[in-house]
Amino acid sequence: MLCFQRGRCCPAALVCCAEEADGPHFGPCAVTSPPSGATTSYQPRLEGRPSDASACRVRQVGRDQIVKKGIAAGERLNHSLAGRPAVRSFIRSGVEAVNTPFAKSRFRKELARSGEPIKLEVGGHNPRDGWLVTNVNAVTRLYLDATKRWPVRAGSVEYVYSDNVIEHLTLQAGRQMLVEAHKSMRPSGVIRIVTPDLRAHVDMYLQGASALSNEVSSHYRDIGQQVEHAVDLIRIPVAAFGHHAGYLYDFDTLAEELNRAGFQDVIRCELGESKHEALRGLDLRSQEGGAQLAVEATA
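Rendered as structure tokens:
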């Protein structure tokens, strides 16, 4: 097994659950190794080590710190196991099996505590003041599968925000997400969606070699993508990051899907900008410039 201590990988065990009142959170500790002869369906048993002060002194830190450590550990785990998908899947499945029921319950409790109107982020990673930030990853604190029925009272949500999520979903799953969002929102509530802009990528491709030195190409290289030919500026958004299993949009297509779900007054926005104060400064991909599409619509 693998562990991460102080950000490096070593041949021991990691990823533990640290108990608190509403269930486990994930941070550095121990995952038991599989028994001899175990198959890939084996679910690891998670153990804390109270004697390991650096790993399990969870009662002395706040809930947000625990969540941040868990997210960071999960990200390090993903990166280090990028070339070992079977091992990554094995560890993830165990952590996910333990955390998901608690994260679902925690989301319902937070909904009840938060009061209305609600500001809800779908597919987020980092806590935001005043927002319920949900995800489906293995270490999320608040679990929401946006493609299924939302456990949210109709008319209780004022803002929904989703950054680079819908392109990972099939067209039908994306439609379901938009329908559920609309059902949850109060009249005049606003949804903001950020997703790769397929038309912008096609336009860059048509520019030919001159596009290979622009900000978007530089950003893709910085995150490890190969950009040698103009065609890469179409290949990357279509084939990389798991987008091949989802559905990509341009403004017209996304506007049509939002209208289909019941939204109206669809507008295109600059990244980070909105006429609604609650939706300003949320977008994290400004370095991708025109390659990202930011859209808002009214319920």
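Take 69 as the starting number for the sequence shown in this note's numbering and just add one per residue.
For glycine and all other residues, C-beta sits at the position ideal for the given N, C-alpha and C.
Beta-bridge partners of GLN332, as assigned by DSSP: Counting from one through the sequence shown, the residue named residue 332 turns up at place 264. Per DSSP, THR366.
Spatial neighbours of SER182 within its chain, please: CB distance less than 8 Å, with the 5 preceding and 5 following residues excluded, ordered by chain position. Position 114 of the sequence shown, counting from 1, holds the residue named residue 182. Here the set comprises LEU200.
Tell me the DSSP secondary structure of ASN167 in three-state form. Taking the sequence shown and counting its residues from 1, the one referred to as residue 167 is at position 99. Residue state, collapsed to three classes: helix.
With a CB to CB cut of under 7 Å and the five nearest residues on each side skipped, what residues in its chain are close to LEU266? Translated into positions along the sequence shown, residue 266 becomes position 198. So the list reads PRO305, LEU316, TYR317, ASP318, once near-sequence residues are dropped.
Under a three-way DSSP split, which group does SER278 fall into? Within the sequence shown, the letter at position 210 stands for residue 278. DSSP places SER278 in helix when its eight states are reduced to three.
Might you give, ordered along the chain, the residues of its own chain that have their beta carbon closer than 7 Å to the beta carbon of ALA277, omitting 5 neighbours on each side? Taking the sequence shown and counting its residues from 1, the one referred to as residue 277 is at position 209. Within the same chain, ALA298 come within 7 Å of ALA277 by CB-CB distance, once the 5 residues on both sides are set aside.
Does DSSP put SER342 in a helix, a strand or coil? Start at 1 with the first residue of the sequence shown, and residue 342 comes out as number 274. Here SER342 sits in coil by DSSP.
Pick out whichever of LEU347, LEU239, HIS193 has its Cα sitting closest to the Cα of LEU322. Here residue 322 corresponds to residue number 254 of the sequence shown, with the count starting at 1. Answer by Cα proximity: LEU239.
Drop a sphere of 10 angstroms on the beta-carbon of LYS187, count the other beta-carbons inside from all chains shown, and report buried for 16 or more, exposed for fewer. Numbered from 1 along the sequence shown, position 119 holds the residue referred to as residue 187. Counting of Cβ neighbours within 10 angstroms places LYS187 among the buried residues, the total reaching 16 or more.
With respect to the alpha helix (DSSP H) encompassing ASP318, which residues constitute its N-terminal and C-terminal limits? Counted from its first residue, the sequence shown places residue 318 at position 250. No alpha helix (DSSP H) holds ASP318; DSSP gives it neither H nor E.
Pairing CB atoms from the stretch 349-361 with CB atoms from the stretch 239-253, are three or more of them under 8 Å? Taking 8 Å as the limit for Cβ pairs, the verdict is that the stretch 239-253 does not touch the stretch 349-361.
Whether or not the stretch 202-214 and the stretch 163-178 are in contact is what I'm after, with contact meaning three or more pairs of Cβ atoms, one per stretch, closer than 8 Å; do they touch? Yes: the two stretches touch, three or more of their Cβ pairs being nearer than 8 Å.
With distances taken between CB atoms, is the gap from TYR229 to GLU184 smaller than 9 Å? Mapped onto the sequence shown, residue 229 falls at position 161. Mapped onto the sequence shown, residue 184 falls at position 116. No. Outside cutoff.
Quick one: Cα of SER122 to Cα of ASP333, how far? In the sequence shown, the residue the question calls residue 122 occupies position 54. In the sequence shown, the residue the question calls residue 333 occupies position 265. Since pLDDT at SER122 reaches only 45, below the 50 mark, its modelled position is unreliable, and no value is offered.
Taking the C-alpha atoms as reference points, what is the distance between LEU301 and TYR273? In the sequence shown, the residue the question calls residue 301 occupies position 233. In the sequence shown, the residue the question calls residue 273 occupies position 205. Looking at the two C-alpha atoms, the distance is approximately 6 Å.
Just confirm the distance between the C-beta atoms of ARG260 and LEU347, as a whole number of angstroms; I'd bet it's less than 8 Å. Looking up residue 260 in the sequence shown gives position 192. Looking up residue 347 in the sequence shown gives position 279. Confirmed, about 5 Å.
Rounding to the nearest angstrom, what Cα-Cα distance links MET253 and SER224 in this structure? Walking along the sequence shown from the start, residue 253 turns up at place 185. Walking along the sequence shown from the start, residue 224 turns up at place 156. Going by the C-alpha atoms only, they are around 6 Å apart.
Using a Cβ-Cβ cutoff of less than 7 Å, which residues in the same chain neighbour ALA241 once the five nearest sequence positions on both sides are dropped? The residue labelled residue 241 in the question sits at position 173 within the sequence shown. Counting only Cβ-Cβ distances below 7 Å, and skipping sequence neighbours, we find THR215.
Would SER285 be called buried (16 or more neighbouring beta carbons within 10 Å of its own) or exposed? In the sequence shown, the residue the question calls residue 285 occupies position 217. With 16 or more Cβ atoms within 10 Å of its Cβ, SER285 is classed as buried.
Which residue or residues does DSSP assign as beta-bridge partners of SER230? For this step, residue 230 is matched to residue 162 along the sequence shown. According to DSSP, SER230 bridges with VAL190, ILE261.
If you draw a straight line from the C-alpha of PRO255 to the C-alpha of VAL262, how long is it? As a working note, residue 255 is residue 187 in the sequence shown. As a working note, residue 262 is residue 194 in the sequence shown. Taking the straight line joining both Cα atoms gives about 22 Å.
Length of the line joining the Cα atoms of GLN293 and LEU280: To locate residue 293, count along the sequence shown from 1; it is residue 225. To locate residue 280, count along the sequence shown from 1; it is residue 212. Between GLN293 and LEU280, the C-alpha separation is close to 12 Å.
Where does PRO102 fall in DSSP's three states? Counted from its first residue, the sequence shown places residue 102 at position 34. Because the pLDDT at PRO102 is just 41, under 50, the model does not fix this residue reliably, and the point stays unresolved.
Using 10 angstroms around the beta-carbon of ALA359, count the other beta-carbons present and answer buried if the total reaches 16, otherwise exposed. Here residue 359 is taken as the residue at index 291 of the sequence shown, counted from 1. Buried.
In the structure shown, what three-state DSSP assignment does ARG174 receive? In the sequence shown, the residue the question calls residue 174 occupies position 106. In the structure shown, ARG174 sits in a helix (DSSP, three-state: H, G or I).
The alpha helix (DSSP H) that contains VAL284, what's its start and end? For this step, residue 284 is matched to residue 216 along the sequence shown. Here the alpha helix (DSSP H) through VAL284 covers 283-290.
From the DSSP output, in three-state form, read off LEU246 for me. On the sequence shown, residue 246 is found 178 positions in, with the first residue counted as 1. The answer is helix: DSSP assigns LEU246 an H, G or I state.
Which residues does DSSP pair with CYS253 in a beta bridge? Mapped onto the sequence shown, residue 253 falls at position 185. Going by the sequence as given, residue 253 is Met instead of Cys. For MET253, which the question treats as bridged, DSSP gives the partners VAL225.
Let me check understanding here. Comparing Cα to Cα, which of ASN194, THR366, ARG328, GLY349 lies closest to ILE335? Here residue 335 refers to the residue found at position 267 when the sequence shown is read from its first residue. Of the listed residues, the one whose Cα sits closest to ILE335 is THR366.
Please name the residue, chosen from ALA268, ARG217, GLU283, GLY340, that lies closest to ALA320 on a Cα-to-Cα basis. On the sequence shown, position 252 is the one that residue 320 refers to. The identity of residue 320 in the sequence shown is Asp, whereas the question assumes Ala. Of the candidates ALA268, ARG217, GLU283, GLY340, the one whose C-alpha sits nearest the C-alpha of ASP320 is ALA268.
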